[in-house]
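Structure record follows, encoded as structure tokens.
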Amino acid sequence: MILPSSFFQRPDVVELARDMIGLLLCTHIDGQVCAGRILEAEAYAGLNDRASHSFGNRRTARNEPMYGPGGRSYVYLCYGIHHLFNVVTNREGIPQGVLIRAVEPAWGEEVIRNRLGKSRAATGPGLVTKALGIDRLRHNALPLDQPPVWIESDGIPLRPGDLVQGPRVGVDYAGEDALLPYRFRWIFH
DNA sequence: CAGTAGATGCTCT
DNA sequence: GAGCATCTACTGT
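The first sequence runs 157 to 345 under my numbering.
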């Protein structure tokens, strides 16, 4: 079933990041339908989180989507090359989000393989968007309960023991906040 | 294997 | 003008 925006509007972004592991990130882009099962995600807690683009209520043209209601996309360009996909969470005005760092192909493996070329798995946030065809210009600030980008649950159970929790990747600049255990990864895949 | 350099462009100071 | 919520290709074992 397609998850409604209300699913992403709950107050605890860290708990939500955990619950998003195992869900399907689906796209219908360039005439191709495909989906990746979410293996890894990180919470970005906004206001009080130095690693977050919206730390201290910082508000710019780039991170504006984070201030919208939960259940929309926030896609931005990193290192000039990679598009990174986030789900905006919480209510309007509370700028939090979940970064999808890794998926494994669930539907449309052929399409995904072609998009990735030499890269093998969609591990790493830049490869997630590459695999699914997501880019910043077309897919930023879109509602995620309808095509071209949506999130589904197919009821595959995930046991708490299947998850590893730890610090986020690539956020050393965030000082103490770099140590927060806001990253979740599914061990088996 | 490990380690590193280079690509690349947008955002904010 | 610096610095990124990164990835690949290439080096040397």
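Even glycine gets a Cβ: it sits at the ideal position worked out from N, Cα and C.
- Its chain contains 231, 232, 233 and 239 as the residues whose beta carbon lies nearer than 7 Å to that of residue 292, once the 5 sequence neighbours on both sides are disregarded; these appear in chain order.
- Here the stretch 263 to 271 lies against the stretch 175 to 195, with 3 or more beta-carbon pairs under 8 Å apart.
- Within the same chain, Cβ atoms closer than 8 Å to the Cβ of residue 249 are found at 223, the five residues on either side in sequence being excluded.
- Per DSSP, the unbroken beta strand (DSSP E) holding residue 245 starts and ends at 238 to 245.
- With a cutoff of 8 Å on beta-carbon distance, residue 337 and residue 323 are scored as near each other.
- Contact annotation, residue 197 with residue 257: C-beta distance approximately 6 Å; criterion of less than 8 Å satisfied.
- Secondary-structure assignment with DSSP links residue 183 through a beta bridge to 190 and 305.
- In the structure shown, residue 207 adopts coil according to DSSP, grouped into three states.
- Rounded to whole angstroms, the separation of the alpha carbons of residue 328 and residue 253 is 19 Å.
- Between residue 159 and residue 308, the gap from beta carbon to beta carbon is short of 8 Å.
- Nearest to residue 220 by alpha-carbon distance, out of 331, 242, 199 and 237, is 242.
- Ranking 173, 169 and 182 by CA distance to the CA of residue 295 puts 182 first.
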